[in-house]
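For reference, the structure discussed in these notes is given below.
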Amino acid sequence: MNYLLGKLKALARSRLLGPAILLMLPACSHAVPLSPAITPSQAQAQVPLNVGVLYTPELTEYEHRGGKMGDTWIFPLGSASVELFDQTWGQAFRSALPVGSRPPLASGSRNLAAVIEPRIEAFDFHLPMIKTGTYTAEITYRFVLYALSGDPVASWTVTGEGAQRGQFGFDFSRWPGEAADLAMEDAAQKFVAGLKRIPEVRRWLRSKGALIAQVLPWVSTDE
Numbered sequence: 593m594n595y596l597l598g599k600l601k602a603l604a605r606s607r608l609l610g611p612a613i614l615l616m617l618p619a620c621s622h623a624v625p626l627s628p629a630i631t632p633s634q635a636q637a638q639v640p641l642n643v644g645v646l647y648t649p650e651l652t653e654y655e656h657r658g659g660k661m662g663d664t665w666i667f668p669l670g671s672a673s674v675e676l677f678d679q680t681w682g683q684a685f686r687s688a689l690p691v692g693s694r695p696p697l698a699s700g701s702r703n704l705a706a707v708i709e710p711r712i713e714a715f716d717f718h719l720p721m722i723k724t725g726t727y728t729a730e731i732t733y734r735f736v737l738y739a740l741s742g743d744p745v746a747s748w749t750v751t752g753e754g755a756q757r758g759q760f761g762f763d764f765s766r767w768p769g770e771a772a773d774l775a776m777e778d779a780a781q782k783f784v785a786g787l788k789r790i791p792e793v794r795r796w797l798r799s800k801g802a803l804i805a806q807v808l809p810w811v812s813t814d815e
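Here it is in structure tokens:
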């Protein structure tokens with residue numbers, strides 16, 4: 593039965609039967625596989641500071657359910673984002689350690705310079721009318737940097753975009769997933785590239801002596 597539904601929907605999207613046939617077919621749910629990864633960059637210098645990373649349940653459990661073409665598409669964005677960020681922090685900071693709450697933190701955190709919290713602010717995706725068309729996705733993250741006192745140091749957003757052409761076949765969830773992967777990867781790369789360009793972050797780095805260390809790498813910033 594699923595095979596038949598898939599074949600009919602493929603025909604409808606290829607305009608052989610026309611979009612109207614989608615109205616006669618029962619809706620399906622698609623669990624979209626996600627596996628984003630960031631490519632190591634040698635061009636960006638790390639911030640020579642240790643930070644704590646806070647993954648809240650709102651992020652880790654975040655799931656986007658969107659209705660398109662009469663079907664429901666389920667993107668496990670939270671778990672995929674954590675997987676991606678775990679690869680990203682090492683490109684941005686000297687080290688990143690998980691923490692369980694926003695600061696002030698318990699004792700043992702004196703080697704941390706700050707805590708960063710990523711959030712998902714928005715996500716959207718689009719499906720082509722034909723299966724071999726282009727699938728697109730866009731995601732916006734918010735990053736909040738906290739001083740160890742608990743005061744917010746900076747809050748900014750980064751938006752990533754992804755586009756992936758589909759192929760013939762009966763795997764309907766692969767191409768939306770690959771477009772979402774590309775959008776998340778784009779956002780992660782923009783985060784790393786733009787971190788030291790955020791005015792509030794630059795002021796914080798200057799207060800920690802980290803901007804000097806970018807020019808004078810022998811200057812220690814250990815606290």
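So in the numbering used here, the last spot in the sequence shown is 815, and the numbers never skip.
Glycine is no exception: its CB is placed at the ideal position from the N, C-alpha and C atoms.
The C-beta of residue 728 has 16 or more other C-beta atoms within 10 Å across all chains shown, which makes the residue buried. Closest in alpha carbon position to residue 637, among 683, 622, 650, is 683. A straight-line Cα-Cα distance of about 20 Å links residue 724 and residue 664. Shortest Cα-Cα distance from residue 673 to any of 695, 662, 640, 649 involves 649. Note on residue 756: 16 or more other CB atoms within 10 angstroms of its CB, so buried under the neighbour-count rule. Between residue 696 and residue 742, the C-beta spacing is below 7 Å. CA-CA distance, residue 626 to residue 659, rounds to 18 Å. When DSSP states are grouped into helix, strand and coil, residue 653 belongs to the coil group.
The continuous stretches of beta strand (DSSP E) do not include residue 768, which lies in the alpha helix (DSSP H) extending over residues 766-786. Nearest to residue 771 by alpha-carbon distance, out of 651, 667, 747, 633, is 667.
Looking only at 779, 641, 797, 675, the smallest Cα-Cα distance to residue 713 is reached by 779. Linking residue 722 to residue 754 through their CA atoms gives a straight-line distance of about 18 Å.
Beta-bridge annotation (DSSP): residue 745 is not paired with any residue. According to the DSSP secondary-structure assignment, residue 727 is paired through a beta bridge with 756. Taking C-beta separations shorter than 6 Å and ignoring five residues to either side along the sequence, the partners of residue 796 in its chain run 745, following chain order. In this structure residue 775 is buried. Its beta-carbon is surrounded by 16 or more other beta-carbon atoms within 10 angstroms.
Boundaries cannot be given for residue 693, as no beta strand (DSSP E) includes it and DSSP labels it neither H nor E.
DSSP places residue 641 in the uninterrupted beta strand (DSSP E) bounded by 639-646.
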